[in-house]
Amino acid sequence: MNKNKYLKIVKDLTPKEKKLENSALAFLMGGVLGFIAEGIKLLLVYNLHLTVKDATTWVLIIYILMASIFTALSFFDKLVMKYKCGLIVPITGFAHSITSSALDYKTDGLITGVGASFFKLAGCILLYGIVSAFFFAIIKVIIYV
Amino acid sequence: MTLVYSFLFCGTICLIGQIILDNTKLTPGHVTTIFVVLGAFLGIFNIYDKIVSIVGAGANIPIVSFGNLLLNGTYTGYLENGTLGLFTGMLAAVSAGVVSAVVFAFVASIFTKPKD
Chain V
1 MNKNKYLKIV KDLTPKEKKL ENSALAFLMG GVLGFIAEGI KLLLVYNLHL
51 TVKDATTWVL IIYILMASIF TALSFFDKLV MKYKCGLIVP ITGFAHSITS
101 SALDYKTDGL ITGVGASFFK LAGCILLYGI VSAFFFAIIK VIIYV
Chain E
1 MTLVYSFLFC GTICLIGQII LDNTKLTPGH VTTIFVVLGA FLGIFNIYDK
51 IVSIVGAGAN IPIVSFGNLL LNGTYTGYLE NGTLGLFTGM LAAVSAGVVS
101 AVVFAFVASI FTKPKD
């Protein structure tokens with residue numbers, strides 16, 4: 001069997017990713033999350049008279065709490081498999097990555113398992129966020145001050 | 001009206017992430033990292049703050065906002081404390097997100113049994 005024929009068979013047998021459906025699901029889920037976030041924020045601002053900044057922070061905390069609880073109850077993984085970026089790109093993905101790595105390595109013990117692997121997935125967000133923000137802030141200082 | 005903007009903006013960010021994920025070999029880790037760095041970059045010219053003021057909380061939910069908060073914290077730290085503020089201000093802005101994620105994740109992992 002020559003190489004091209006083999007590649008063709010492989011291509012036929014690998015399941016096709018439904019790109020359109022994936023994108024539509026991600027858009028819908030992300031949109032719904034944004035919609036609910038704004039809804040909660042407006043409720044907090046108008047009913048509890050919080051400032052916009054405080055209300056936004058509460059919304060973030062609520063989202064992180066819900067994502068952690070749902071991950072611990074182990075049905076968030078299935079949702080992430082289905083909606084992918086719709087749940088990974090919002091802050092829920094950050095909480096999900098920390099909680100799932102904590103759960104996965106719990107069998108290795110509290111220090112060598114949970115402690116050592118806690119930021120395994122979220123580490124790249126923190127590392128590159130902090131490094132890039134540091135240098136971009138210096139650029140901003142040079143431009144504006 | 002901000003409700004509709006929130007829906008559209010947050011959905012669009014997720015859509016862009018999904019398109020990157022589907023059409024390249026990058027992993028979700030790459031996508032979130034790109035978005036954080038992008039958020040910090042958009043913060044240089046205050047673009048993201050303008051988006052937040054138009055869109056509302058829908059723009060605070062995507063991870064792009066995390067990078068923007070990091071940059072804003074560092075910049076305001078510099079304005080208040082000088083060079084020392086570059087180091088003290090950065091995590092002050094994202095403290096709520098990081099601390100709540102760490103605490104809730106730890107408590108959740110303590111009270112649940114690991115899967116197999």
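Chain order of the listed sequences is V and E.
Sequential numbering from 1 applies to the first sequence in the numbering used here.
Sequential numbering from 1 applies to the second sequence in the numbering used here.
Each residue gets a CB set at the ideal place from its N, CA and C atoms; glycine is no exception.
Answer yes or no: do residue i and residue j have a C-beta to C-beta separation smaller than 8 Å?
i	j	result
E/Ile19	V/Ser74	no
E/Ala101	V/Ile88	no
E/Asn81	V/Thr56	no
V/Leu25	V/Lys82	yes
V/Phe76	V/His96	yes
E/Leu84	V/Glu38	no
V/Ile61	E/Ala96	yes
E/Val36	V/Gly129	yes
V/Lys84	E/Leu21	yes
E/Phe104	V/Leu65	yes
With a threshold of 6 Å on Cβ separation, who are the neighbours of residue i within its own chain once the five nearest residues in sequence on each side are excluded?
i	result
E/Pro28	none
V/Ile40	Val59
E/Asn23	none
E/Ile51	Ala59
Once the 5 residues before and after residue i are set aside, which same chain residues still bring their CB inside 8 Å of it?
i	result
V/Phe27	Gly86
V/Pro90	Gly30, Leu33, Gly34 and Tyr63
V/Ser117	Ser101, Ala102, Asp104, Tyr105 and Asp108
E/Lys25	none
V/Glu21	none
Using C-beta distances below 7 Å, list every residue in its chain close to residue i, excluding the 5 sequence neighbours before and after it, in chain order.
i	result
E/Met90	Leu70, Gly73, Thr74 and Gly77
V/Phe94	Ala122 and Ile125
V/Gly113	Tyr105, Lys106 and Thr107
E/Tyr5	Ile54, Val55, Gly56 and Gly58
V/Val52	Val45
E/Leu86	Thr74, Gly77 and Tyr78
V/Val80	Leu87, Ile88 and His96
E/Thr88	Gly77 and Asn81
Quick one: give me the first and last residue of the alpha helix (DSSP H) that residue i is part of.
i	result
E/Thr76	Val64 to Asn81
E/Lys25	Run containing E/Lys25: none; DSSP gives neither H nor E here.
E/Ile47	Ile47 to Val55
E/Ile61	Taken as a continuous stretch (DSSP letters only), E/Ile61 belongs to no alpha helix (DSSP H), as it is neither H nor E.
V/Gly30	Lys19 to Asn47
V/Asp108	Premise fails: V/Asp108 is in no alpha helix (DSSP H) and is neither H nor E.
E/Ala96	Met90 to Phe111
V/Met66	Val52 to Ala72
V/Lys140	Gly123 to Tyr144
V/Gly86	Cys85 to Ile88
V/Asn4	Lys3 to Leu13
For residue i, go through chain B and note every residue whose CB falls closer than 7 Å to its CB, in chain order.
i	result
E/Tyr48	Of the protein chains in this structure, namely V and E, none is chain B.
Could you tell me which of the options sits nearest to residue i, measuring between CA atoms?
i	options	result
E/Gly62	E/Ile34, E/Val99 and E/Ser109	One detail in the question is off: residue 62 of chain E reads as Pro in this sequence, not Gly. It is E/Ile34 whose Cα lies nearest to the Cα of E/Pro62.
E/Leu38	E/Leu21, E/Ile13 and E/Asn23	E/Ile13
E/Val94	E/Val103, E/Gly67 and E/Thr83	E/Gly67
V/Ser132	E/Leu21, E/Val64, E/Leu8 and E/Lys50	E/Val64
E/Thr32	V/Thr92, V/Val145, V/Ile111 and V/Tyr144	V/Thr92
E/Leu8	V/Ile36, V/Asn4 and V/Lys11	V/Ile36
E/Met1	V/Lys5, V/Val145, V/Leu42 and V/Phe136	V/Leu42
E/Val98	V/Leu110, V/Leu127, V/Val80 and V/Ile111	V/Leu127
Exercise. With contact counted as at least three CB pairs below 8 Å, one residue from each stretch, are the stretch 47-61 of chain E and the stretch 118-125 of chain V in contact?
Worked result: no
Exercise. Touching or not, the stretch 125-142 of chain V and the stretch 38-51 of chain E, by the rule of three or more beta carbon pairs under 8 Å?
Worked result: yes
For this session: Would you be able to state if there are at least three C-beta pairs under 8 Å between the stretch 56-71 of chain V and the stretch 101-110 of chain E?
Result: yes
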